[in-house]
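Peer 1:
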Amino acid sequence: MENKKLQKLSVAALVVSALPLATFLPTLLKITLSEGVRSIWAGANIVFVLVALCLSVICVRSSESRSAVNIISTAISVFWVLMIVGIVVLALFLNFLQ
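Laid out in structure tokens, this is it:
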């Protein structure tokens, strides 16, 4: 029973880790968003990344529930976290240069 819950959790982690890619939809559809909507969307992406990372770590932590889906969702989540950290470091670095 617990293994079935972890399988559903791993699929949810994979879906949530792919949600930040939805940011590209307005660009592809040539839709211009207001500044407030873009800020809210950026905040939601950060929340999605953190939630996906937490869910992925919960699923990968157990060796019996470790699968390819869990590893892929963890790798995607780590990629997003590294990208967010890089953007923050770059913004701080550019801010101190001015």
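Just so we're aligned, residue 10 is where the sequence shown starts under the working numbering, counting upward by one.
Backbone N, C-alpha and C fix where the C-beta goes; we use that ideal spot for every residue, glycine too.
Using 8 Å as the Cβ pair cut-off and three pairs as the minimum, do the region 64 to 84 and the region 36 to 44 touch?
Peer 2: Flag = no, the region 64 to 84 and the region 36 to 44 do not touch.
Peer 1: Judging by CA-CA distance, which residue of Val25, Asn12, Lys14 is the nearest neighbour of Ile81?
Peer 2: For Ile81, the nearest C-alpha among the options comes from Val25.
Peer 1: Determine the closest residue to Thr83 out of Trp50, Leu34, Thr32, Val60, with distance taken between C-alpha atoms.
Peer 2: Nearest C-alpha to Thr83: Val60.
Peer 1: Could you give the first and the last residue of the continuous alpha helix (DSSP H) run that contains Arg70?
Peer 2: Residues 44 to 70.
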